[in-house]
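Undergrad: Residue numbers (the working numbering): 17 to 449.
There's a structure below that I have some questions on.
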């Protein structure tokens, strides 16, 4: 029998499945716990360990056929070593590991300092027959590895802090911290999770912008819509009085004229057009086909983040939709968290993005779309037809091959952005256009 015939990955899965199915059915609770612990140790056997086990079984079987006592001795020694190595993987660790991060949010180009501290409780003591290593994933290929010291009761040890660089926008998973225990022969490697997983959010690069409230989004008294309201600022027309109308809205001069001709209808009341304060809807196209390369999408995310942060600093109401990530009337950290989690080719096309944004923020007054160079002006104009009339639409195309500037105007203001550093100039040109 060949050692590879065991199917090592399948054997581990079979052992764990057997432990979950058989233990609670055929055994008492205590016996079930022992069975799970034993089979958990067997599931930690490495490929080398299964090879030694298979070789020992094969030697035992062959010794009975060829009558070689040496083979039986080899089989017994192999099985004894295998059992002892499995016994080393039994038991739990009483260690407590803390992952301390200097910040949960950084910007692209920044660093997060992580400190790993190990504590041994007073009431329990870890029993280690072999040295153990502590592994902490940090977003890199290899992660961080530390040699666990032998600690007495109530003692603690802090490892040398390390930095996690924020090289690119996204989410970096720090942890879980796992202790790797094994034997000197490499037959068993068991991983014990000692600390949970934490997230490090890398926010996109942003550039400071001039206040939006002093230009393109300026409306200190609100923006008038086509919706009729019973009470507002913008007078629209008059209608006949009906019971339950507010007497404060009666137009007395017109009512006096009407009473002379129609005594049965003595009153007229005012009707108003609804006035809404500025609510900016920022949409970042998440369809990768809209961009010539992934770097353009990153520039688009940075552009949307810069505009949203500036609008929030101006105390404007904002809804940010970056690909599939939504932040409705968020704080600045929440808006940047959505940008950090956004991924290209998610959230559907631009049509679906606009529909979702208007559904979430029905009181939107201005829509700003950020997309890539693949979408030309006719395509953007077609897309913006989905936006209701009366809402101002601004589209920004990330196009490194053309100069920054306003490329079209009218019902749709189309802007071309060559690089993110040109965004303040582009905003000023859009205001003066």
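The beta carbon of each residue, even a glycine, is placed where N, CA and C say it ideally should be.
Just to confirm, is the Cβ distance from residue 197 to residue 105 under 8 Å?
TA: Their beta carbons are under 8 Å apart, which means residue 197 touches residue 105 by this criterion.
Undergrad: Assess, as a yes-or-no matter, whether the region 389–404 is touched by the region 351–359 under the definition of 3 or more beta carbon pairs within less than 8 Å.
TA: Short answer: they don't touch.
Undergrad: Classify residue 435: buried if its beta carbon has 16 or more other beta carbons within 10 angstroms, exposed otherwise.
TA: Exposed, since its Cβ has fewer than 16 Cβ neighbours within 10 Å.
Undergrad: Determine the closest residue to residue 190 out of 295, 200, 158, 170, with distance taken between C-alpha atoms.
TA: Here the closest residue by C-alpha is 158.
Undergrad: At which residues does the alpha helix (DSSP H) containing residue 325 begin and terminate?
TA: 310–329 is the extent of the alpha helix (DSSP H) around residue 325.
Undergrad: Taking DSSP as the reference, what is the three-state secondary structure of residue 389?
TA: Looking at residue 389 - three-state DSSP - the assignment turns out to be coil, as it is neither helix nor strand.
Undergrad: Within the region 399–424, note down every full alpha helix (DSSP H) run reaching 4 residues or more, in order along the chain.
TA: Here no run is fully enclosed.
Undergrad: Specify the secondary structure class of residue 86 as computed by DSSP and reduced to three states.
TA: Looking at residue 86 - three-state DSSP - the assignment turns out to be helix.
Undergrad: According to DSSP, is residue 444 helix, strand or coil?
TA: In this structure, residue 444 counts as helix in the three-state DSSP scheme.
Undergrad: Once you ignore the five residues that flank residue 376 on each side, which residues in its own chain have a CB closer than 8 Å to its CB?
TA: 335, 337, 342, 344.
Undergrad: Pull up the distance between the alpha-carbon of residue 113 and that of residue 299, whole angstroms please.
TA: Approximately 42 Å between the Cα atoms of the pair.
Undergrad: Rounded to the nearest angstrom, how far is the Cβ of residue 133 from that of residue 174, given a contact under 8 Å?
TA: Their Cβ separation, rounded to whole angstroms, is 5 Å, which keeps residue 133 and residue 174 in contact under 8 Å.
Undergrad: Which parts of the region 111–179 are runs of the beta strand (DSSP E), unbroken and 3 residues or longer, counting only runs that do not cross its ends?
TA: DSSP runs (the beta strand (DSSP E)) wholly in the region 111–179: 112–117, 121–123, 127–135, 148–152, 160–163, 172–174.
Undergrad: Could you work out which residue in 439, 138, 155, 150 is closest to residue 181 when comparing CA atoms only?
TA: Minimum Cα distance to residue 181 is reached at 155.
Undergrad: Helix or strand or just coil, what does DSSP make of residue 188?
TA: Three-state result, residue 188: strand.
Undergrad: Mapping the DSSP letters down to three states, classify residue 451 as helix, strand or coil.
TA: Not covered by the structure: residue 451. The range shown for the chain is 17 to 449.
Undergrad: Name the one or two DSSP bridge partners that residue 207 has.
TA: DSSP lists 196 as partners of residue 207.
Undergrad: What are the boundary residues of the alpha helix (DSSP H) that includes residue 375?
TA: Run containing residue 375: 366–376, per the alpha helix (DSSP H) assignment.
Undergrad: What number of angstroms, rounded off, separates the C-alpha of residue 270 from the C-alpha of residue 283?
TA: When rounded, the distance between both Cα atoms is 8 Å.
Undergrad: Which ranges would you report for the beta strand (DSSP E) in the region 334–361 if only whole runs of at least 3 residues count?
TA: The region 334–361 contains these whole beta strand (DSSP E) runs: 341–344.
Undergrad: Assuming residue 381 and residue 294 form a contact by the criterion Cβ under 8 Å, report the distance between their Cβ atoms to the nearest whole angstrom.
TA: Indeed they touch by this definition, with Cβ atoms about 5 Å apart.
Undergrad: Going along the chain, which residues of its own chain have a beta-carbon closer than 6 Å to the beta-carbon of residue 304, five neighbours each way excluded?
TA: Same-chain partners within the cutoff: 360, 361.
Undergrad: Output yes if chain C places a C-beta closer than 8 Å to the C-beta of residue 64; else output no.
TA: In the structure shown, chain C does not exist; there is a single protein chain.
Undergrad: On the CB-based measure, 16 or more other CB atoms within 10 Å of its CB, does residue 262 come out buried or exposed?
TA: Residue 262 is exposed by the Cβ-count criterion.
Undergrad: Using only the alpha-carbon positions, how far apart do residue 443 and residue 277 sit?
TA: Cα to Cα, the separation comes out at about 57 Å.
Undergrad: Taking a contact to mean a Cβ-Cβ separation below 8 Å, would you say residue 306 touches residue 387 in this structure?
TA: Yes, they are a contact pair.
Undergrad: Could you check what DSSP says for residue 60 in three-state terms: helix, strand or coil?
TA: Residue 60 falls in the coil class under three-state DSSP.
Undergrad: Could you give the distance in angstroms between the alpha-carbon of residue 368 and the alpha-carbon of residue 219?
TA: Near 25 Å, if we compare the C-alpha coordinates of residue 219 and residue 368.
Undergrad: Are residue 91 and residue 79 touching if we call contact CB-CB under 8 Å?
TA: Yes, these two residues count as a Cβ contact at 8 Å.
Undergrad: For residue 93, does the count of other Cβ atoms within 10 angstroms reach 16, so buried, or fall short, so exposed?
TA: Result: exposed.
Undergrad: Give the range of the beta strand (DSSP E) segment to which residue 430 is assigned.
TA: Where residue 430 is concerned, the enclosing beta strand (DSSP E) stretches over 428–433.
Undergrad: Tell me the DSSP secondary structure of residue 299 in three-state form.
TA: Three-state result, residue 299: strand.
Undergrad: Classify residue 347: buried if its beta carbon has 16 or more other beta carbons within 10 angstroms, exposed otherwise.
TA: By the neighbour-count rule (16 or more Cβ atoms within 10 Å), residue 347 is not buried but exposed.
Undergrad: Measure the C-alpha to C-alpha separation of residue 318 and residue 354 and round it to an integer number of angstroms.
TA: Distance between the alpha carbons of residue 318 and residue 354 is about 12 Å.
Undergrad: Look up residue 258 in the DSSP assignment and say whether it is helix, strand or coil.
TA: It is coil, neither helix nor strand.
Undergrad: Using the beta-carbon count (16 or more within 10 Å), is residue 171 buried or exposed?
TA: Exposed is the call here.
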